[in-house]
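Novice: Those protein sequences? They're chains Y and R, same order as listed.
Under the working numbering, the first residue of the first sequence carries the number 1, and numbering increases by one thereafter.
Under the working numbering, the first residue of the second sequence carries the number 288, and numbering increases by one thereafter.
Note that beta-carbon positions come from the ideal geometry of N, C-alpha and C, so glycine has one too.
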Amino acid sequence: MTDKRCTEDEAVAELASGMTIGFGGWGSRRKPMSVVRAIVRSDITDLTVVSWGGPDVGMLCATGKVKRLVYAFVSLDTIPLEPHFRAARQSGAVEDEPYDEGMFLLGLQAAAWRVPFLPTRVGLGSDILRDNDRVKTVTSPFEDGEELVAVPALTMDAAFVHMNRADGRGNGQYLGPDPYMDDLFLGAATQRYLTTEKVIPTEDLSKEGPPQSLLISRLLVDGVIEAPNGAHFTSCDPDYPRDEAFQKQYAASAKSPEAWAEFRSTWLDLSEADYQAKLAADAGTAA
Amino acid sequence: MSDQLSGLVDRADVCVVAMAECFRGDGELLANPIGTIPMIGGRLARATFEPDLAMTDGEARLIANDEAFEWPGGKVVEHFNPYRQMFGWVWNGRRHVVMGGTQIDRYGNQNFAAIGEYARPKVQLLGYRGAPGNTINDTTSYWVPNHSPNVLCERVDTVCGVGYDRAGQLDERQRRFHEIRGVVTNLAVLDFATPDHRMRLCSVHPGVTVDEVQTATGFDLTIPDAVPTSRLPTPDEVELIATVIDPTGQRLREVPNP
């Protein structure tokens, strides 16, 4: 029986500059942020980032890790526009590969099913075909002969998702409201990692939730990272809600290079253990 | 309607009723109004004249509750509706969405991705989100809380939501599910029921003149000879909105009285 447990830094050591990396979750919800922080600490760069974008995208943009963005939106949910992403786009710092949300799902599904594209009506008439040259049209080979849009497979070198619970073999469980597309990210990637609030014995998974909460199979996972509070400051219901105060501080750090430098030195230029210890200490002070 | 009576009606409630009216005739369909006033309007439509509409809790459930935002007595869950299922509804043609827009033009093209040249925008916004898919697959309406020439503008910088002129360039099969039902703003109700689907002024809210609406619009509207006043809420509707659907008055913060 393979125990796949490892640390964020061990997983990130397997990555390389120039890779295409996907992050699960949605907006500012259940993001594998402990891995994002580990990437920030590493020297890898020139990444193509694939995401239902939230602070994963913004933080990697702000730290100069991103070459290209593959996305349908970037938002912090309660703060609709992600300021670090906006700054990167407006300064021309990143290449842009935009999709409609539904197209994005099809691109992940195509990659997970190992087909080059999936057809859809989505995109017809819009400027997606102007702004994304990977999106093409395709003619139905059947009698109808209808012209549709072909969404390319969004294959990745590596993908990371965050689960509420998992066992050491990589069976992952979400206990919150929505699975998002996390299973598809792992299906679309070569190197596949799951971070989790808590590693528990396989036989305990069914005590936490019904079978349909067991979203991720170990067949899709190469590495399991135990990361308590690892999605912070994004939400990880029901374990914890979004840390709105911290998110405001993160968003405000886009206001000036000085503000960003301060945020970075306070919260990012330190180990995950120190990050969590500082959070706990600050919470203690507040209480 | 007399000025005395219309003066007693909150502008927000007129907008809610106008939004609700967008759903009239939809029957058993997923009404997906995004935003404060749209969500209240959708709930009002279901609680009164469109009882078979299905609606979300704003996250991953379809719920039967009349309350729009908070459910002190708990949610009555009808269906598990995570994001991937929502795309299923969109592509299956079971949804009428209400979106916002940073720019909307006379044919109903909509933009909330970026202002300025797309390659290096002056102002980056959300991204394309679901607008291309929503508009090509299902009926779409728009909610504009701040009717101004910047929003209702001559030309959108990026076409996210597909308008009638763009749809018209597609072949008949490609555009067969496209419909922009209406645009409700804080000043007026508009639609596209003209021969070439240019935006038309349907009604002005109480206290608003036709000239004010045209001045606040960045293109020439089609304006009929007689423009009626928007339908006012009935006393029963006012009570339902204020006591059940939106008891904390979120609508009044989105659209204050003039």
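Is the beta carbon of R:D353 closer than 9 Å to that of R:V525?
Specialist: Numbered from its first residue, the second sequence carries residue 525 of chain R at position 238. Numbered from its first residue, the second sequence carries residue 353 of chain R at position 66. No. Outside cutoff.
Novice: Could you name the residues of chain Y that R:I423 contacts, counting a contact when the two beta carbons are closer than 7 Å?
Specialist: Sequence index remark: in the second sequence, residue 423 of chain R carries index 136 (1-based). Per Cβ cutoff of 7 Å: R121, V122, L124 and G125.
Novice: Is there a C-beta anywhere in chain B that falls below 9 Å from the one on Y:D157?
Specialist: No chain B appears in the structure shown, which is made up of the protein chains Y and R.
Novice: Between the alpha carbons of R:T445 and R:G420, how many angstroms are there, rounded?
Specialist: Here residue 445 of chain R corresponds to residue number 158 of the second sequence, with the count starting at 1. Here residue 420 of chain R corresponds to residue number 133 of the second sequence, with the count starting at 1. Those two C-alpha atoms are separated by around 15 Å.
Novice: I want to see whether chain Y comes within less than 9 Å of R:S289, judged by CB atoms only; does it?
Specialist: Residue mapping note: residue 289 of chain R aligns to position 2 of the second sequence, counting from 1. Interpretation of R:S289 is limited by its pLDDT of 40, a score under 50 that renders its predicted location unreliable; no figure is taken from the coordinates.
Novice: Can you tell me where the alpha helix (DSSP H) holding R:H366 begins and where it ends?
Specialist: Here residue 366 of chain R corresponds to residue number 79 of the second sequence, with the count starting at 1. Counting along the chain, R:H366 falls outside any alpha helix (DSSP H), though it belongs to the beta strand (DSSP E) covering V364 to F367.
Novice: Starting from R:A305, find everything on chain Y with Cβ-Cβ shorter than 7 Å and list it in chain order.
Specialist: Counting from one through the second sequence, the residue named residue 305 of chain R turns up at place 18. Within 7 Å Cβ-Cβ: nothing; R:A305 doesn't reach chain Y, min ~24 Å.
Novice: Report the residue ranges of all alpha helix (DSSP H) runs contained in full by the stretch 480–534 of chain R; include only those spanning at least 4 residues, in chain order.
Specialist: As far as the stretch 480–534 of chain R is concerned, its whole alpha helix (DSSP H) runs of at least 4 residues are 497–502 and 522–527.
Novice: For Y:F73, does the count of other Cβ atoms within 10 angstroms reach 16, so buried, or fall short, so exposed?
Specialist: The sequence position of residue 73 of chain Y within the first sequence is 73, counting from 1. By the 10 Å Cβ count, Y:F73 comes out buried.
Novice: Against chain R, with Cβ distances strictly below 9 Å, would Y:A110 count as a contact?
Specialist: Locating residue 110 of chain Y in the first sequence gives position 110, where the first residue counts as 1. Not an interface residue.
Novice: Rounded to a whole number of angstroms, what is the C-alpha to C-alpha distance between Y:R68 and R:F399?
Specialist: Along the first sequence, read from residue 1 onward, the residue named residue 68 of chain Y stands at position 68. Along the second sequence, read from residue 1 onward, the residue named residue 399 of chain R stands at position 112. Computed Cα separation, rounded: 21 Å.
Novice: Is it true that the stretch 396–415 of chain R meets the stretch 80–90 of chain Y, where meeting means three or more beta-carbon pairs spaced less than 8 Å apart?
Specialist: Cβ pair count under 8 Å is three or more, so yes.
Novice: Roughly how many angstroms lie between the CA atoms of R:M288 and R:G505, to the nearest whole one?
Specialist: Along the second sequence, read from residue 1 onward, the residue named residue 288 of chain R stands at position 1. Along the second sequence, read from residue 1 onward, the residue named residue 505 of chain R stands at position 218. The pLDDT assigned to R:M288 is 42, lower than 50, so where the model puts this residue is not dependable; a value taken from the coordinates is nonetheless given after this. So the alpha carbons of these two residues sit roughly 29 Å apart.
Novice: When we look at the beta-carbon of Y:N171 and count the other beta-carbons within 10 Å, is it buried (16 or more) or exposed?
Specialist: In the first sequence, residue 171 of chain Y corresponds to position 171, counting from 1. Y:N171 comes out buried.
Novice: In the DSSP assignment, what are the bridge partners of R:T472?
Specialist: For this step, residue 472 of chain R is matched to residue 185 along the second sequence. In the DSSP output, where bridge partners are listed per residue, R:T472 has R:V431.
Novice: What residue does the beta strand (DSSP E) around Y:Q191 start on, and which one ends it?
Specialist: On the first sequence, residue 191 of chain Y is found 191 positions in, with the first residue counted as 1. Segment A189 to V199, the beta strand (DSSP E) holding Y:Q191.
Novice: What residues in its chain sit with their C-beta under 6 Å from that of R:V443, if we drop five residues either side in the sequence?
Specialist: The count along the second sequence starts at 1 and reaches residue 443 of chain R at position 156. These residues qualify, in order along the chain: Q390, D392, N396 and N398.
Novice: Would you identify the three-state DSSP class for Y:F23, choosing helix, strand or coil?
Specialist: Here residue 23 of chain Y refers to the residue found at position 23 when the first sequence is read from its first residue. If DSSP states are grouped into helix, strand and coil, Y:F23 belongs with the strands.
Novice: By Cβ distance below 7 Å, which residues in the same chain neighbour R:Q291 in space, the five residues on each side in sequence not counted?
Specialist: Locating residue 291 of chain R in the second sequence gives position 4, where the first residue counts as 1. At R:Q291, the pLDDT of 46 sits below 50, so the modelled position is not reliable and the matter cannot be decided from this model.
Novice: Does the beta-carbon distance from Y:G123 to Y:D100 come in below 9 Å?
Specialist: Translated into positions along the first sequence, residue 123 of chain Y becomes position 123. Translated into positions along the first sequence, residue 100 of chain Y becomes position 100. Going by C-beta atoms, Y:G123 is nearer than 9 Å to Y:D100.
Novice: When burial is assigned at 16 or more other CB atoms within 10 Å of the CB, is R:W430 buried or exposed?
Specialist: Within the second sequence, residue 430 of chain R is the residue found at index 143, counting from 1. R:W430 comes out buried.
Novice: Would you list, in chain order, the members of the stretch 371–384 of chain R that have their beta-carbon closer than 8 Å to a beta-carbon of chain Y?
Specialist: Of all residues in the stretch 371–384 of chain R, R371, F374, V377 and W378 have a Cβ within less than 8 Å of some Cβ in chain Y.
Novice: Please decide whether Y:G54 counts as near chain R, where near means a Cβ-Cβ distance under 9 Å.
Specialist: Reading the first sequence from its first residue, position 54 is the one you call residue 54 of chain Y. With 9 Å as the cut-off, Y:G54 does not count as an interface residue toward chain R.
Novice: So, do the stretch 340–350 of chain R and the stretch 358–372 of chain R have three or more beta carbon pairs nearer to each other than 8 Å?
Specialist: Enough Cβ pairs lie closer than 8 Å, so yes.
Novice: Identify, in the order they occur along the chain, each residue of the same chain with its Cβ nearer than 8 Å to the Cβ of Y:I44, setting aside the five sequence neighbours on each side.
Specialist: Position 44 of the first sequence, counting from 1, holds the residue named residue 44 of chain Y. Excluding residues within five positions, the ones whose Cβ falls inside 8 Å are V12, L15, A16, S17, M19 and K65.
Novice: Quick one, which of R:R460, R:G469 and R:N433 has its alpha-carbon nearest R:N544's?
Specialist: Numbered from 1 along the second sequence, position 257 holds the residue referred to as residue 544 of chain R. Ranking the options by Cα distance to R:N544, first place goes to R:N433.
Novice: Among R:F356, R:R460, R:H492 and R:T422, which one has its Cα closest to the Cα of R:V385?
Specialist: Along the second sequence, read from residue 1 onward, the residue named residue 385 of chain R stands at position 98. Among R:F356, R:R460, R:H492 and R:T422, the Cα nearest to that of R:V385 is on R:T422.
Novice: What are the boundary residues of the alpha helix (DSSP H) that Y:E10 is part of?
Specialist: The count along the first sequence starts at 1 and reaches residue 10 of chain Y at position 10. Note, Y:E10: alpha helix (DSSP H), E8 to A13.
Novice: Where does R:E315 sit, in a helix, a strand or coil, going by DSSP?
Specialist: Counting from one through the second sequence, the residue named residue 315 of chain R turns up at place 28. Residue state, collapsed to three classes: coil.
Novice: Which partner residues does Y:G145 have in the DSSP bridge list?
Specialist: For the purposes of this step, residue 145 of chain Y is taken as the residue at position 145 of the first sequence. DSSP output for Y:G145 lists no bridge partner at all.
Novice: Going by beta carbon distance, what residues of the same chain come within less than 6 Å of Y:D167, once the five residues before and after it are set aside?
Specialist: To locate residue 167 of chain Y, count along the first sequence from 1; it is residue 167. Result list for Y:D167: T202, in chain order.
Novice: Find the nearest neighbour of Y:Q312 within the set Y:S34, Y:A62, Y:R86 and Y:D9, judged by alpha-carbon distance.
Specialist: Residue 312 of chain Y is absent from the structure shown; chain Y starts at 1 and stops at 287.
Novice: Under 7 Å Cβ to Cβ from Y:A112, same chain only, skipping five residues before and after it: list those, please.
Specialist: To locate residue 112 of chain Y, count along the first sequence from 1; it is residue 112. Only L184, G187 and A188 meet the Cβ criterion.
Novice: For a contact defined as C-beta to C-beta under 9 Å, what are the partners of R:Y405 on chain Y?
Specialist: The sequence position of residue 405 of chain R within the second sequence is 118, counting from 1. Simply D96, P98, D127, R130 and D131.
Novice: Between which two residues does the alpha helix (DSSP H) carrying Y:A112 extend?
Specialist: Translated into positions along the first sequence, residue 112 of chain Y becomes position 112. Where Y:A112 is concerned, the enclosing alpha helix (DSSP H) stretches over E101 to A112.
Novice: Hey, does Y:W26 have any beta-carbon neighbour from chain R nearer than 9 Å?
Specialist: Against the first sequence, residue 26 of chain Y aligns to sequence position 26. Closer than 9 Å: yes.
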